[in-house]
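**Student:**
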Amino acid sequence: MTAGTVLIVGAGLAGTSLAAALGQRGIPSEVIDLRDHTDGAHIGLTNRAVDVLADLSVLDEATELGSAHQDTVFVRMYFANGDPIPVPPPPRPDTRLPAAVNIYRPALSDILVRAAKSAGARFRYGVSVQSLVQDADGVGVTLTDGSTGRYSLVVGADGVRSRIRELLHPGSKPQYTGTVALRWMLDKEPPGEPGFYNSENEMIAIAPVKGGMTYVATGAEAPEGHQVGRSEARELLRGVLARFPAPTPTALRAELTDDQTVLVHPYEWILVPPPWHRGRVALIGDAAHATTAHLSSGGGMALEDAVVLAQELATASTTATALDRFQDRRYERVKVVVEASARLLEMHRAGASPQEMGALRARATTTLIQPY
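Numbering follows numbering that gives the first Met the number 0, in which position 325 of the sequence shown is assigned residue number 324; successive positions increment by one, without gaps.
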């Protein structure tokens with residue numbers, strides 16, 4: 000077992016779930032983040048990500064604040080005019096757990112923070128890592144406020160623009176896809192059938208969220224580096240909805256008034272080549288393998304990373320062995336997600352049929368339903 004305190008940089012899904020998983024195995028941790036809150040909309044956890052919630056003993060709370068489903072949104076596919084698309088259901092894990100858990104992302108963050116604190120993790124906000132100096136026994140860390148500390152391991156769980164990745168892999172940068180994600184939470188129940196609506200080269204995801212809300216997500220092309228403002232984000236989403244004459248997208252467009260907030264973030268991906276660790280500094284989650292949303296698996300991979308790393312740190316004879324085993328268990332699995340998601344985006348742009356894209360999803364899911 001790893002001795003000493005683990006410093007976790009980043010209080011997102013990967014960082015908070017790692018803190019909880021470590022604490023439940025008797026390994027102390029400290030979590031730091033520049034921000035003390037989580038932005039976001041809805042998140043759908045499928046495949047073995049649901050197992051992670053169970054492993055962390057938070058599944059009941061997640062389904063109470065969110066909702067559990069015995070199928071996924073990929074089962075309900077429609078053409079732009081609302082006609083159903085016949086696609087076979089995706090493979091499912093051989094488990095009695097729900098096939099999917101849908102939850103408001105800030106609510107999931109709160110659950111994971113509580114679980115981490117209950118397991119003994121300490122949180123500190125408003126700071127990040129300035130520099131690292133490591134030796135055979137630990138890592139000396141200087142934070143951005145000038146304070147210092149020493150840790151047995153430093154884990155970069157600080158997202159797609161990871162500061163820790165910059166220190167470990169200076170040349171590894173995320174690739175912009177030419178598309179921004181548009182996400183909207185409507186404070187009303189879906190005005191029709193939820194699911195995936197498909198046109199020749201666009202797609203809209205519509206999902207119910209517990210509490211009488213609706214989640215809407217799609218993408219729009221935007222030049223690299225262009226900052227999409229609030230008004231422009233609404234207009235982009237209105238434009239997409241207008242190209243879908245089905246009753247549900249049409250009704251949603253009428254609800255997209257000027258007081259609504261549409262969240263925007265660039266679709267980027269990165270798959271850091273092995274190793275994800277140098278000495279006693281390691282990467283997990285989006286810092287190591289960010290993906291687009293086309294398999295709905297980015298958050299799930301971050302959660303899986305956390306539990307797998309905690310398992311290895313708790314059982315391996317040395318930290319180096321634990322990090323090597325973690326890499327071996329995770330790399331090919333997350334590679335499937337990153338590469339298949341990028342390919343699905345390319346296929347959609349090229350006008351591939353929903354059946355073709357469904358076949359690729361099914362092949363990827365065959366891997367993802369296996370235990371982590």
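Glycine is no exception: its CB is placed at the ideal position from the N, C-alpha and C atoms.
It should be emphasised that the depicted structure is a prediction, and the values quoted were computed from it without experimental measurement.
For residue 117, name the three-state secondary structure that DSSP assigns.
**Tutor:** helix
**Student:** Could you tell me which of 100, 353, 163 and 57 sits nearest to residue 70, measuring between CA atoms?
**Tutor:** 100
**Student:** Assign residue 161 to buried or exposed, taking buried as 16 or more other Cβ atoms, counted over all protein chains shown, within 10 Å of its Cβ.
**Tutor:** buried
**Student:** Going straight from the alpha carbon of residue 163 to that of residue 299, what length do you get?
**Tutor:** 21 angstroms
**Student:** Would the beta-carbon of residue 179 fall within 8 angstroms of that of residue 265?
**Tutor:** yes
**Student:** Using alpha carbons as the reference points, say which of 370, 361 and 371 lies closest to residue 90.
**Tutor:** Ranking the options by Cα distance to residue 90, first place goes to 361.
**Student:** Out of 191, 108 and 31, which one is the CA nearest neighbour of residue 6?
**Tutor:** Among 191, 108 and 31, the Cα nearest to that of residue 6 belongs to 31.
**Student:** Under a three-way DSSP split, which group does residue 297 fall into?
**Tutor:** helix
**Student:** With burial defined as no fewer than 16 other Cβ atoms inside 10 Å of the residue's Cβ, what is the status of residue 200: buried or exposed?
**Tutor:** exposed
**Student:** Suppose only complete runs of 4+ residues qualify. What are the alpha helix (DSSP H) ranges in the stretch 138-191, listed by chain order?
**Tutor:** 162-167
**Student:** DSSP on residue 288, reduced to helix/strand/coil?
**Tutor:** Residue state, collapsed to three classes: helix.
**Student:** Quick test of the definition: if touching needs 3 or more C-beta pairs under 8 angstroms, does the stretch 31-40 touch the stretch 315-326?
**Tutor:** no
**Student:** Buried or exposed for residue 49, please, with buried defined as at least 16 other CB atoms from any protein chain shown within 10 angstroms of its CB.
**Tutor:** buried
**Student:** If we ignore side chains and look at the alpha-carbon of each, how far apart do residue 19 and residue 243 end up?
**Tutor:** 43 angstroms
**Student:** So the candidates are 40, 111 and 293; which of them puts its Cα closest to the Cα of residue 52?
**Tutor:** 111
**Student:** Within 10 Å of its beta-carbon, does residue 226 have 16 or more other beta-carbons around it, so buried, or fewer, so exposed?
**Tutor:** exposed
**Student:** My parser needs the beta strand (DSSP E) runs of 3 or more residues fully inside the stretch 25-66; what are they?
**Tutor:** 28-32 and 41-45
**Student:** Roughly how many angstroms lie between the CA atoms of residue 269 and residue 229, to the nearest whole one?
**Tutor:** 27 angstroms
**Student:** Using 8 angstroms as the threshold, is the stretch 305-321 in touch with the stretch 249-263, meaning 3 or more CB pairs across them?
**Tutor:** no
**Student:** Taking Cβ to Cβ, would you say residue 202 is nearer than 8 angstroms to residue 186?
**Tutor:** no
**Student:** With a threshold of 8 angstroms between beta-carbons, can residue 35 be considered close to chain D, or not?
**Tutor:** The chain inventory of the structure shown lacks chain D, comprising one protein chain alone.
**Student:** So, using beta-carbon positions, are residue 14 and residue 156 closer together than 8 angstroms?
**Tutor:** Their beta carbons are under 8 angstroms apart, which means residue 14 touches residue 156 by this criterion.
**Student:** Confirm, please, whether the CB-CB distance from residue 344 to residue 261 is below 8 angstroms.
**Tutor:** no
**Student:** Would you grab the beta carbon distance between residue 215 and residue 183 for me? Rounded to a whole angstrom, and I think it's under 8 angstroms.
**Tutor:** 4 angstroms
**Student:** By Cβ distance below 8 angstroms, which residues in the same chain neighbour residue 173 in space, the five residues on each side in sequence not counted?
**Tutor:** 159, 160, 267, 268, 269 and 289
**Student:** For residue 219 versus residue 235, is the C-beta distance shorter than 8 angstroms?
**Tutor:** In this structure, residue 235 lies closer than 8 angstroms to residue 219 by Cβ.
**Student:** Write down the C-beta distance between residue 107 and residue 61 rounded to the nearest angstrom, noting that I regard them as a contact closer than 8 angstroms.
**Tutor:** 6 angstroms
**Student:** Can the beta-carbon of residue 143 be found closer than 8 angstroms to that of residue 126?
**Tutor:** yes
**Student:** Since I believe residue 301 is in contact with residue 58 (beta carbons under 8 angstroms), could you give me their beta-carbon distance rounded to a whole number of angstroms?
**Tutor:** That belief does not hold up - the Cβ atoms of residue 58 and residue 301 are roughly 17 angstroms apart, past 8 angstroms.
**Student:** Is residue 121 buried or exposed, if buried means 16 or more other CB atoms sit within 10 Å of its CB?
**Tutor:** exposed
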